[in-house]
Structures are given as C-alpha cells and as structure tokens.
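Q: Position 68 of the sequence shown, counted from 1, bears residue number 68 in UniProt numbering, the numbering being contiguous throughout. Think of the CB as a built atom: it goes at the ideal place given N, C-alpha and C, for glycine as much as any other residue.
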Amino acid sequence: MFYTAQTTSLREDHNQCRGGVLALKMVQVKVPLAALSGHSVQLECIFSLDGESLYAVKWYRGVDEFYRYVPAEEPHATVFGLNGIEVDLDESNANRLVLRSITAETAGRFRCEVSAEAPSFETVSGHADMTVVQLPQRGPVIAGGKPRYSVGDQVDLNCTSMRSSPATNLTWYINGEPAERHHLKFYPIVEDIDGLETSMLGLHFVIKTRHFRKGDLKFKCTATLAALYWQSNEASAEPDRPVHHQRSSSSEVYLDSHRTSTLASAALTVHFCVECDSR
1 MFYTAQTTSL REDHNQCRGG VLALKMVQVK VPLAALSGHS VQLECIFSLD GESLYAVKWY
61 RGVDEFYRYV PAEEPHATVF GLNGIEVDLD ESNANRLVLR SITAETAGRF RCEVSAEAPS
121 FETVSGHADM TVVQLPQRGP VIAGGKPRYS VGDQVDLNCT SMRSSPATNL TWYINGEPAE
181 RHHLKFYPIV EDIDGLETSM LGLHFVIKTR HFRKGDLKFK CTATLAALYW QSNEASAEPD
241 RPVHHQRSSS SEVYLDSHRT STLASAALTV HFCVECDSR
C-alpha cells in the first residue's frame, strides 16, 4: 500500500514481437511512496524474460543513470555517482536495488529499464515516484487557553508542529470530534533556511453548554505526515470551577515500509494551568 508503479514498453524494431506480443515484459516497478530520511529503502524491478536472455538492468533518477546490472560482465553491477544516491551493492541485484542513508536529495522519479540480448534487443521500462520525509523532533505543542472555562467563554488556542519536511498536517478535536472548519484559523507554512517547515493551526470558538455535557472539555491536536507519522497532544479543562489538575498525553506511531512500531513518549507541556487552585 505504500508503493507506486507505472510501466511502459519501448519497441526497438519490428523483429521484437512474437505474434504481436512482446516476449520481455515489465511486470512492476515498486518504489515507496514516502520514506524516512536517514533510512534505507528497497526498490524493486519485476520483469518477465519469457525465454529471452537478460542483457542489462538500468536504474535512473530523472534522466540520470546511477545503477547498471549486466550479468555478462564482471563485476555485474556498476554505480554512477549521483547526489543523494548511495547504493548498497551487497544487497542489490537485477531485481532489487537498496539505497542507504537517503536524504531529501534522494527523492524523485525512479525508472527501471530492462533490455534483452540479441536477437530481439527488446527494451521495457517502468517508473515510480518517491518522496523523502523528515519527521519533527517533537510532537505538536498546544499554546494559549485559560485555567478554566465557563459557558460563553472564547477559546483561543494554537497548535504548532515544528520543523519537518514536508510540513505536517494538523487537526483539532473537541471532545473527540473533529472541530468544525469555521472554528479553525489557518496560518501559512513557515519554511526555515534549511528547507524544513513549521505548520500552525488555530482553534477559536465560543463554549456552549453542550461542550460540558460529558464532563470535562477536552482538546486534542494531532500531527500527521504521509503514512509514516502520527502524534497527538491532548488537554482538558473543567467547567465553572477551578482546575485541580491538568491532564496531558502524547503518543506517536511510526510506520515503516517493512515494520510497525508504537512508541510511548513523555507528556507534552500544555499551557492551561497557570495557577491551579487546590481547593
């Protein structure tokens, strides 16, 4: 589910066909839709020779070739220098290409081209796009608010997610339900000099009686990035009486293309309780 693939066929001459059907076929080019900066990724070029002999497999990023596998040569594999590309030769072959320590420069359109030996000289190719994601170093931060709220009070909160690539998507929830769009204040993405981006989303609305029907008023902000990252920050306030304590929780999930792990993190600071009355 985290892969894209497109394939095309190139006919070199009219002798390629056997009864109008190409013998060499590109089955699939598999490239992660999004991958984490600093990690390794695996690209796959899946093809069918159907009785042909393989001449070469070539990988390109954009128009630049960076990897070639020719089984008749020794060594079989050759790497051509390209910014952001570090090939793991020990793990790569005719069907699999492993890139180590990827960076933002690694991203782009990857194309696999497969050629057959004489006499057919058939060539087929396929391509897919990959983006490289750099996660925030910390979870979303909620700022603003008061120690307690009453019906008729105005809520003015901001949620900020710092320095990622691309910017995270932020979502506000009120008592577990997504906030209505007219309660949101949208801010432009701020890009730092190094290309990392900071996103901010405001929450502004007037408290109604219904907001306290199930007890405390709960606010939650979540930050997501592609299918690789999810983190949230939550806080609650009590109605018409001092807030004896505040609750804040955070959780995050990272999804790799090969494994899923859940990490528990320390509670994030929520600036709700300025002076908590102990009564």
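1. Inspect the beta-carbon positions of proline 140 and glutamine 231 and report whether they are closer than 9 Å.
2. On a CA-only basis, which of Thr171, Trp59, Ser125 and Glu113 is nearest lysine 220? Give me that one, please.
3. Since I believe threonine 106 is in contact with glutamate 113 (beta carbons under 8 Å), could you give me their beta-carbon distance rounded to a whole number of angstroms?
4. Would you tell me roughly how many angstroms separate the C-alpha atoms of glutamine 152 and arginine 163, rounded to the nearest one?
5. Looking at serine 101 and alanine 77, is the spacing between their C-beta atoms short of 9 Å?
6. Quick check on the burial criterion: 16 or more other C-beta atoms within 10 angstroms. Buried or exposed for proline 136?
7. Give the DSSP-derived three-state secondary structure of glutamate 91 in the structure shown.
8. How about alanine 35 and valine 133: are their beta carbons less than 9 Å apart?
9. Look at the alpha carbon of arginine 138 and the alpha carbon of leucine 225, and state the distance between them as a whole number of angstroms.
10. Tell me whether alanine 104 sits in a helix, a strand or coil according to DSSP, three-state version.
11. DSSP on phenylalanine 110, reduced to helix/strand/coil?
12. From proline 239 to valine 155, what does the alpha carbon distance come to, in whole angstroms?
13. Using only alpha-carbon positions, find the residue among Arg68, Ala116 and Leu184 that is nearest to asparagine 158.
14. Check whether the Cβ of glutamine 231 lies closer than 8 Å to any heavy atom of the ligand ZN, and answer yes or no.
A: Working from what's here:
1. Taking the first residue of the sequence shown as 1, we reach residue 140 at position 140. Taking the first residue of the sequence shown as 1, we reach residue 231 at position 231. Result yes, Cβ atoms of proline 140 and glutamine 231 sit closer than 9 Å.
2. By 1-based counting over the sequence shown, the position of residue 220 is 220. Among Thr171, Trp59, Ser125 and Glu113, the Cα nearest to that of lysine 220 belongs to Thr171.
3. Translated into positions along the sequence shown, residue 113 becomes position 113. Translated into positions along the sequence shown, residue 106 becomes position 106. About 19 Å; that fails the 8 Å criterion.
4. Indexing the sequence shown from 1 puts residue 152 at position 152. Indexing the sequence shown from 1 puts residue 163 at position 163. Residue identity differs from the one stated: residue 152 is glycine in this sequence, not glutamine. If I take the Cα positions, the gap works out to 35 Å.
5. Taking the first residue of the sequence shown as position 1, residue 77 is located at position 77. Taking the first residue of the sequence shown as position 1, residue 101 is located at position 101. No. Outside cutoff.
6. What you label residue 136 is simply residue 136 of the sequence shown in a count that begins at 1. So proline 136 counts as buried.
7. Indexing the sequence shown from 1 puts residue 91 at position 91. Looking at glutamate 91 - three-state DSSP - the assignment turns out to be helix.
8. Taking the first residue of the sequence shown as 1, we reach residue 35 at position 35. Taking the first residue of the sequence shown as 1, we reach residue 133 at position 133. Result yes, Cβ atoms of alanine 35 and valine 133 sit closer than 9 Å.
9. Residue 138 sits at position 138 when you count from the first residue of the sequence shown. Residue 225 sits at position 225 when you count from the first residue of the sequence shown. When rounded, the distance between both Cα atoms is 13 Å.
10. Locating residue 104 in the sequence shown gives position 104, where the first residue counts as 1. In the structure shown, alanine 104 sits in a helix (DSSP, three-state: H, G or I).
11. As a first step, residue 110 is located in the sequence shown; it is residue number 110 there, counting from the start. Looking at phenylalanine 110 - three-state DSSP - the assignment turns out to be strand.
12. Taking the first residue of the sequence shown as 1, we reach residue 239 at position 239. Taking the first residue of the sequence shown as 1, we reach residue 155 at position 155. A straight-line Cα-Cα distance of about 13 Å links proline 239 and valine 155.
13. The residue labelled residue 158 in the question sits at position 158 within the sequence shown. Nearest option by C-alpha distance: Leu184.
14. As presented, the structure is devoid of all ligands, the ligand ZN included, so that no description of it is given.
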